[in-house]
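Notes follow the structure.
There are 2 protein chains.
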Amino acid sequence: MLDRAVGLLRQLGEAGAGGQQLSRLADALGLSASTTHRLLAALEHHGWVERVDGGKRHRLGAALVALAGQAADGTGLRRICRPALARLSGESGETTFLIVRSGLNAVVVDRQEGDYVIESLTQGVGGLMPLGIGAGSVAILAGQPLAEIEAVLSANAGRYAQFGSSLEQVRHRLARVQADGALMLDDSLIAGLAAISLPIRPPGHAVTAAIAVNFIASRLDAEARQALLERMRREVAAVEASLAVPATLSRPPRGGEG
Amino acid sequence: MLDRAVGLLRQLGEAGAGGQQLSRLADALGLSASTTHRLLAALEHHGWVERVDGGKRHRLGAALVALAGQAADGTGLRRICRPALARLSGESGETTFLIVRSGLNAVVVDRQEGDYVIESLTQGVGGLMPLGIGAGSVAILAGQPLAEIEAVLSANAGRYAQFGSSLEQVRHRLARVQADGALMLDDSLIAGLAAISLPIRPPGHAVTAAIAVNFIASRLDAEARQALLERMRREVAAVEASLAVPATLSRPPRGGEG
DNA sequence: ATTCAATTTCCGCATTTTGGAATTGATGCG
DNA sequence: CGCATCAATTCCAAAATGCGGAAATTGAAT
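Here the protein sequences line up with chains S and P, keeping their order. Positions 1 to 258 (the UniProt record's numbering) are the ones given, in order, by the first sequence. Positions 1 to 258 (the UniProt record's numbering) are the ones given, in order, by the second sequence.
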């Protein structure tokens with residue numbers, strides 16, 4: 001029941017803005033129409049699913065956005081890292097990302113725009129990719145225990161091809177992170193797009209997140225990239241330091257509106 | 001079962017960054033410990049719940065962020081409105097919001113920072129408030145059919161006090177939106193914080209969303225506010241026009257990483 | 001007007017969930 | 001150092017709930 005609901009929501013996520021009709025969902029999940037109907041009704045009741053134009057197509061509902069807003073804050077990391085991301089974006093003019101692990105995937109939890117818009121080329125908040133694909137994703141994976149890395153690699157191996165990487169390439173990049181504590185990538189997923197990423201390692205814990213900067217490769221030469229990397233190292237060091245002191249885990253001030 | 005899972009996730013959302021232990025959750029929801037345990041395990045398996053530091057406290061997981069990223073794009077509105085929000089924030093220097101309805105609540109679906117940071121005063125993406133509270137929220141409610149408005153008002157009446165508004169005040173603001181097609185608010189929720197909001201009405205449909213600009217009241221005089229409002233009217237008109245042509249409902253390009 | 005596909009409702013059966021009780025584990029106290 | 005306490009986890013038989021086939025309804029297309 002719950003698993004079916006999760007599958008249904010995933011499927012709806014794939015469907016995108018236009019939504020999807022009941023019968024297609026039932027087919028895709030191998031469920032009977034009546035079961036699918038009942039599930040959709042229940043989810044709709046909670047606002048997790050809504051009808052497109054009140055018609056017969058279904059899509060993900062706004063209640064999920066609300067829940068996820070709390071989830072993203074929930075790690076606490078987002079609030080802590082946001083000023084760092086803002087500084088990096090502000091000073092470099094490039095787009096900055098905060099990425100965390102979710103099972104076999106990496107998820108973009110926060111993102112700050114730079115002056116240079118690469119909107120359509122990159123993942124938005126909530127964007128998902130296999131662990132091992134994408135600069136930040138690699139940085140996170142590289143910081144896991146060895147057995148964990150192997151488990152993830154073997155589970156994800158089949159997914160790498162569609163992102164234009166081989167298992168060997170992924171392994172090579174992991175090694176670079178482990179050697180340098182950071183990763184610089186060119187033509188990362190998109191030709192001409194470059195990225196620099198750093199793992200975030202809370203003192204006494206394994207790596208839980210990474211920050212990354214994406215930019216058009218031609219915009220920064222080797223020297224500028226090195227400078228940016230050093231800048232990022234300082235920001236990450238500051239973040240890690242502030243994680244050492246558990247700080248206030250209390251809720252943020254319930255503020256104004258939008 | 002599903003309802004209990006939803007309740008559990010809501011409860012975890014309330015808990016915030018520090019997470020919550022099983023027994024408290026069970027108490028809060030009136031469930032037995034074994035049921036709660038089973039639910040948490042199932043949700044954890046899907047990445048919707050995770051353990052804090054691998055310990056015994058639970059919080060919302062990153063998989064929800066991923067799902068919600070799709071949900072937020074899912075309305076299609078976010079992609080369409082983002083350039084408008086960016087222009088408004090860029091030109092005015094203030095913070096801009098895109099808000100949609102979710103049941104009895106309004107949810108912040110997108111947000112663009114201005115030069116002037118009011119981060120801690122305002123809702124982030126995913127922020128939730130009762131329909132009728134907050135400038136954008138009022139604008140949405142005012143555009144619903146009359147019977148709908150009354151239903152929402154009576155359902156939400158009890159929640160207004162905690163936001164410092166009375167039912168009469170809400171009704172008054174609704175009337176202003178209906179008269180002017182927009183709303184200017186002072187001391188909206190926070191003393192010294194002002195807001196301007198406009199409903200977004202897709203041609204041939206009821207109002208489905210609103211945009212709002214929040215700013216420190218002292219930063220803009222009456223004349224500047226009027227100018228900003230006119231600017232917003234133009235942006236909303238353009239958005240509504242682009243909604244008339246269903247445009248491409250296809251998925252966005254699967255781009256690079258974060 | 002008729003047909004066909006898709007959605008929605010109904011209902012008896014059986015699979016699943018349920019919560020009390022027992023077990024294990026962790027933490028603090030005497 | 002061992003005992004007591006509280007929370008988390010596992011187990012199990014009873015039963016409630018979800019399941020899907022079939023029937024009814026909608027509504028769009030011919």
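Note that beta-carbon positions come from the ideal geometry of N, C-alpha and C, so glycine has one too. None of these values were measured; they are calculated from a predicted model.
Under the rule that a run must span 3 or more residues, the beta strand (DSSP E) segments found entirely inside the UniProt domain "HTH iclR-type" (1 to 62) of chain P read 49 to 51 and 57 to 60. Among the residues facing chain S, P:Met184 is not included, as its CB has no counterpart in that chain under 7 Å away. With contacts defined by Cβ atoms closer than 7 Å, S:Ala139 and S:Val177 form a contacting pair. Listed along chain P, the residues sitting closer than 9 Å to S:Ala72 by beta-carbon distance are Leu60, Ala62, Leu64, Val65, Ala68, Gly124, Val125 and Gly126.
Secondary structure note for P:Leu183: it is in no alpha helix (DSSP H), and the uninterrupted beta strand (DSSP E) holding it is Leu183 to Leu185.
For S:Val125, the secondary structure class from DSSP, reduced to helix, strand or coil, is coil. Residue contact check for P:Met232 against chain S: no CB pair falls below 7 Å. The closest CA to that of S:Asp110, considering only S:Leu22, S:Ala62, S:Ala142 and S:Cys81, is found on S:Cys81. When S:Ser34, S:Leu40, S:Arg24 and S:Gly30 are compared, the shortest CA-CA separation from S:Leu9 is found for S:Leu40. Bounds of any alpha helix (DSSP H) do not take in P:Asp110; it lies within the beta strand (DSSP E) bounded by Asn105 to Gln112.
For P:Ser197, there is no enclosing alpha helix (DSSP H); the enclosing beta strand (DSSP E) covers residues Leu193 to Ile200.
The contact set of S:Arg101 on chain P, defined by CB atoms closer than 8 Å, consists of Ala62 in chain order. With a beta-carbon spacing of about 5 Å, P:Leu141 and P:Leu131 fall inside the 8 Å limit used to define contacts. Secondary structure at P:Val207: coil, using DSSP grouped into helix, strand and coil. If you draw a straight line from the Cα of P:Trp48 to the Cα of S:Ala5, it is about 12 Å long. Taking the C-beta atoms as reference points, P:Glu235 is found nearer than 7 Å to P:Ala84. S:Tyr116 and P:Gly158 have their C-alpha atoms spaced approximately 46 Å apart. In the three-state scheme derived from DSSP, where H, G and I count as helix and E and B as strand, P:Leu98 is classed as strand. Neighbours of P:Gly47 in chain S, taken as residues at a C-beta separation under 7 Å, are given in chain order as Ser102 and Gly103.
Secondary structure of P:Pro145 (DSSP, three-state): coil.
In chain order, Leu193, Ala194 and Ala217 place their CB closer than 8 Å to the CB of S:Asp187, counting only its own chain and leaving out the 5 sequence neighbours on each side. In this chain, the alpha helix (DSSP H) harbouring S:Asp180 covers Leu167 to Asp180. When secondary structure is reduced to three states using DSSP, S:Ile133 falls in the coil class, being assigned neither helix nor strand. Taking each of P:Arg57, P:Thr96 and P:Glu50 in turn and checking the Cα distance to P:Val65, the smallest one comes out for P:Glu50.
Around the Cβ of P:Met1, a 10 Å sphere holds fewer than 16 other Cβ atoms; the residue is exposed. Close CB contacts of P:Arg78 within its chain, under the 8 Å cut and outside five residues either way in sequence, are with Ala72, Leu98, Val109 and Asp110 (chain order). For the pair P:Gly124 and P:Val207, the CB atoms are not nearer than the 7 Å cut-off. Just so you know, the alpha carbons of S:Arg24 and P:Gln70 end up roughly 19 Å apart. Residue nearest to P:Leu128 within the set P:Asn105, P:Glu148 and P:Glu91 is P:Asn105 (criterion: CA-CA distance).
Below the 7 Å Cβ cutoff, chain S contributes His46 as neighbours of P:Val6, in chain order. The alpha-carbon of P:Arg171 is positioned some 13 Å away from that of P:Ala135. Note that the C-beta distance between S:Ala209 and S:Val100 is below 7 Å.
Taking C-beta separations shorter than 6 Å and ignoring five residues to either side along the sequence, the partners of S:Gly93 in its chain run Gly114, Asp115 and Tyr116, following chain order. Residue pairing of S:Ala217 in beta bridges, as defined by DSSP: absent, with no partner found. Considering only S:His46, S:Met184, S:Ala28 and S:Ser32, the residue with the shortest C-alpha distance to S:Glu223 is S:Met184.
Rounded to the nearest angstrom, the gap between the Cα atoms of S:Arg173 and S:Ile196 is 12 Å.
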